[in-house]
Each structure stands twice: as C-alpha cells, then as structure tokens.
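Structure first, commentary second.
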Amino acid sequence: MYDMCMDTLREDEDLGKLGFGPDPPQPHSVEVTAYAVLAAQRARESFAATVDAASGLLKGSLNRDDRAAYDACLVEYGYADFSMARVANDMLPGCRFGGLAEEYIKGLIPLESCRDRLMRLEASPLYAMNLVDRNKELLAYSLGQLLGI
C-alpha cells in the first residue's frame with residue numbers, strides 16, 4: 002500500500018498539468034487538493050487498464066460464469082469511473098466538497114461488487130487488478146478526507 006501511495010502521488014509533470022506547481026509556493030490546502038485530484042485521475046487510469054483487460058478477455062473463449070462476471074464488471078466499472086470523473090474533473094477543481102465523500106463511496110461500491118463476482122470464479126486474472134483499483138480508490142478517498150469531507 003505504501004509503494005502504491007508513493008507511486009500514485011509522486012511529484013512530476015502531472016501536478017504542473019493540473020495547474021499546480023512550486024512557483025509560487027501553494028498553500029497547503031491547494032497542495033492537498035492537487036494531490037487529491039492526481040489520486041483520482043490515477044485511479045481512473047487504473048480503471049481503464051482493467052476495463053481494457055476485461056474487454057480483451059471477453060474476446061476470447063470463456064465459460065459462462067466468467068463471461069457473465071466480466072460483463073457485469075464492465076458495467077460496474079462504468080459507474081465507478083463516472084463517480085471518479087465527477088470527483089477529479091468537477092468537484093475537486095471547483096472546490097465543491099459537499100457530497101464529495103458520498104461520490105467517492107458511489108465509486109467504491111461498484112468496484113467491491115465486481116470484486117465479489119471475481120472472487121466466486123475459479124481463477125481470474127482480473128482479481129488482482131480489481132484489488133489495485135479498489136486500493137487506489139481508497140487512497141483517493143483518504144486524500145479527500147484531508148480536505149474535511
């Protein structure tokens with residue numbers, strides 16, 4: 002979890018792309034918001050990689066249970082990504098913190114539902130990816146909590 006946190010929040014050109022940077026120095030609340038936006042965006046990137054992997058698996062030969070689980074997970078990932086997009090692109094940049102905690106949770110619930118489906122399968126290569134996605138969502142939520150949500 003520590004490694005994931007450090008990788009997700011490493012300072013690089015991504016903060017500059019978000020309009021946050023070292024010159025002039027930013028107040029701590031602005032820095033926290035920048036990291037919260039970055040964590041949400043990185044969670045969405047991770048979601049996209051999992052969706053791509055699931056879509057690729059669906060093109061192959063799968064048993065009925067695997068196919069049904071992956072199809073359902075694709076729908077659930079759509080809901081999770083929608084919530085994180087609201088967080089990353091609307092709520093945080095606009096400093097609209099009312100309902101922010103609920104939006105994070107709305108993104109987490111579908112990921113956990115997908116996890117429950119994948120756990121019932123004999124062996125799914127998506128399970129580990131889903132776990133990473135869930136952890137990135139929780140990291141983003143934890144940073145949001147620093148904003149007082």
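Each number in the numbering used here corresponds to the 1-based position in the sequence shown with 1 added.
No residue lacks a Cβ here, since even glycine has one placed at the ideal position from N, Cα and C.
Inset, instruction - Tell me, please, whether the stretch 99-112 touches the stretch 69-87 by the rule of three or more beta-carbon pairs shorter than 8 Å. - result: yes
Inset, instruction - Within the same chain, show all residues whose beta-carbon is closer than 7 Å to that of Q42, passing over the 5 residues directly before and after it, in chain order. - result: A89
Inset, instruction - Would you mind sorting S132 into buried or exposed? The rule is 16 or more other CB atoms within 10 Å of its CB. - result: The sequence as given places Leu at residue 132; Ser does not occur at that position. Exposed, because fewer than 16 other Cβ atoms sit within 10 Å of the Cβ of L132.
Legend entry - Nearest-angstrom Cα separation, counted from V38 out to L140: 11 Å
Inset, instruction - Express the C-alpha separation of R97 and A40 in angstroms, rounding to a whole number. - result: 17 Å
Inset, instruction - Find the nearest neighbour of A124 within the set L75, G108, L58, judged by alpha-carbon distance. - result: L58
Legend entry - Start-end ranges of the alpha helix (DSSP H) lying completely within the stretch 106-146, minimum 4 residues: 127-146
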